[in-house]
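**Q** Below is the structure I would like to discuss, written out as structure tokens.
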Amino acid sequence: PIVALALLMITVDSTIVATALHALQVDLQTSVSWAGWTLTAYSFGFVLMLPLSAKLSIRFGNRPVFLISVATFTFASLLCGLSTNIYMLIAMRAIQAIGGSGLTPSATGIIVNHFNQSRDKFLGLFGSIFAIGGMIGPIFGGVFVTYASWQWIFYINTVLNVSKIEETYRLH
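Going by my numbering, 174 is the number at position 166 of the sequence shown; the sequence numbering is gapless.
Below is the structure:
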């Protein structure tokens, strides 16, 4: 469940900001093209760091990389929510992506090592999380922007991830 929730969160975060672009534009007093960079920074940072994250998982082990990645993603999420200008938000989204990119290869390794015989089934479920996260991200984004604020699309990561860090640390 820890691995699945982490993967769901990184995929939700790839699309959750889309419905908050107008709120970001107004609140941070910026243009729609600068607000759009919050999506680009996350996607670009994620794709760029994915190969390095895989190498780090092989070199240092899946669990430590997973733990550091969750911590990085969580801290960057908090700073995204606390951002006072678009430049800080874009930079924090890039750092958030660095943390998120470490979750994918380390989570795959954890699944392969933990579920020996039934790993194919769990890897298939793992793959479906990406589609689900991409679909529900804009829905959650709309709910948070409508009933709270754009900052909550990032604060929710912090709230949920603190428990994941604690649980991951206790994994053997």
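For glycine and all other residues, C-beta sits at the position ideal for the given N, C-alpha and C.
Keep in mind the model is a prediction, meaning the values are calculated, not measured.
Going by the CB atoms, is the gap between S51 and S22 shorter than 9 Å?
**A** Here residue 22 is taken as the residue at index 14 of the sequence shown, counted from 1. Here residue 51 is taken as the residue at index 43 of the sequence shown, counted from 1. In contact: S22 and S51 (Cβ atoms closer than 9 Å).
**Q** Could you round the C-beta distance between N121 and N165 to whole angstroms and report it? I think they count as a contact, below 8 Å.
**A** The count along the sequence shown starts at 1 and reaches residue 121 at position 113. The count along the sequence shown starts at 1 and reaches residue 165 at position 157. With 8 Å as the limit, N121 and N165 do not qualify as a contact, their Cβ atoms being about 26 Å apart.
**Q** What residues in its chain sit with their C-beta under 6 Å from that of G145, if we drop five residues either side in the sequence?
**A** Locating residue 145 in the sequence shown gives position 137, where the first residue counts as 1. Correct list, in chain order: V20, T23 and I24.
**Q** Give me the residue from I106, L58, T27 and F138 with the minimum Cα distance to Q159.
**A** Residue 159 sits at position 151 when you count from the first residue of the sequence shown. Comparing Cα positions, the closest option is T27.
**Q** CB L13 to CB I140, shorter than 9 Å?
**A** The residue given as residue 13 occupies position 5 in the sequence shown. The residue given as residue 140 occupies position 132 in the sequence shown. Result no, Cβ atoms of L13 and I140 do not sit closer than 9 Å.
**Q** Where does S157 sit, in a helix, a strand or coil, going by DSSP?
**A** One-based indexing of the sequence shown puts residue 157 at position 149. The answer is coil: DSSP assigns S157 none of H, G, I, E or B.
**Q** Could you pull the start and end residues of the alpha helix (DSSP H) that G107 belongs to?
**A** Here residue 107 refers to the residue found at position 99 when the sequence shown is read from its first residue. Note, G107: alpha helix (DSSP H), I94 to H122.
**Q** Whole angstroms are fine: how far does the CA of G117 sit from the CA of G132?
**A** Locating residue 132 in the sequence shown gives position 124, where the first residue counts as 1. Locating residue 117 in the sequence shown gives position 109, where the first residue counts as 1. Rounded to whole angstroms, G132 to G117 spans 14 Å at the Cα level.
**Q** Which residue comes first and which comes last in the alpha helix (DSSP H) that contains Q37?
**A** Locating residue 37 in the sequence shown gives position 29, where the first residue counts as 1. Per DSSP, Q37 lies in no alpha helix (DSSP H) segment and is marked neither H nor E.
**Q** Straight-line CA distance for M100 to G142?
**A** Within the sequence shown, numbered from 1, the residue matching residue 100 stands at position 92. Within the sequence shown, numbered from 1, the residue matching residue 142 stands at position 134. One C-alpha to the other measures close to 20 Å.
**Q** With distances taken Cα to Cα, identify the nearest neighbour of Q33 among C88, S136 and N93.
**A** On the sequence shown, position 25 is the one that residue 33 refers to. The candidate whose alpha carbon is nearest that of Q33 is N93.
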